[in-house]
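Beneath this line is the structure, given in structure tokens, with notes to follow.
In my numbering, the protein residues as written are 1 to 143.
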């Protein structure tokens, strides 16, 4: 499980050093793809495979599932982190997420998310009020 918030920097070659506490879970390979709210999702390879299998169960007649799958898979980039825990983020994904030098990398349970730092700050500010007001019935059972 990936937890916490980290603030690495993007280097001149488009690489980011993954937080040390995430490296073991990502060492065998990652898949980086477009996420919602203009962030990037970083999945361990096994988790990406599980999600892919679930998406493949959606009926081909579902326009929403087709559209989501096209963007999700077409933008995916797989890589094995180097010995220093770095991964290269392709330019097209950096452009999508508006990534520049200052990043925020968060643990989001089964995945890691990479955000442009100002975009994350705006998202968090807008979302914390709604988070504080969530009621029991709004969450999955057992929360």
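A virtual CB, placed ideally from N, CA and C, is assigned to each residue, including glycine.
Here the C-alpha atom of residue 93 lies approximately 7 Å from the C-alpha atom of residue 33.
Residue 4 carries a coil assignment under DSSP once its states are collapsed to helix, strand and coil. For the set 72, 122, 76, the Cα lying nearest the Cα of residue 29 is the one of 76. Around the C-beta of residue 18, 16 or more other C-beta atoms lie within 10 Å, and the residue is accordingly described as buried. Between residue 88 and residue 15, the C-beta spacing is below 8 Å. Under the criterion of beta carbons closer than 8 Å, residue 122 and residue 41 do not qualify as touching, at roughly 19 Å. C-alpha of residue 117 to C-alpha of residue 54: approximately 31 Å in a straight line. Under DSSP, residue 88 forms a beta bridge with 15. If only uninterrupted beta strand (DSSP E) runs of at least 3 residues are considered, those enclosed by the stretch 92 to 129 are 103 to 107, 112 to 116. Around the CB of residue 81, 16 or more other CB atoms lie within 10 Å, so the residue is classed as buried. Within the stretch 39 to 91, complete alpha helix (DSSP H) segments of at least 4 residues are found at 45 to 56, 63 to 74, given in chain order.
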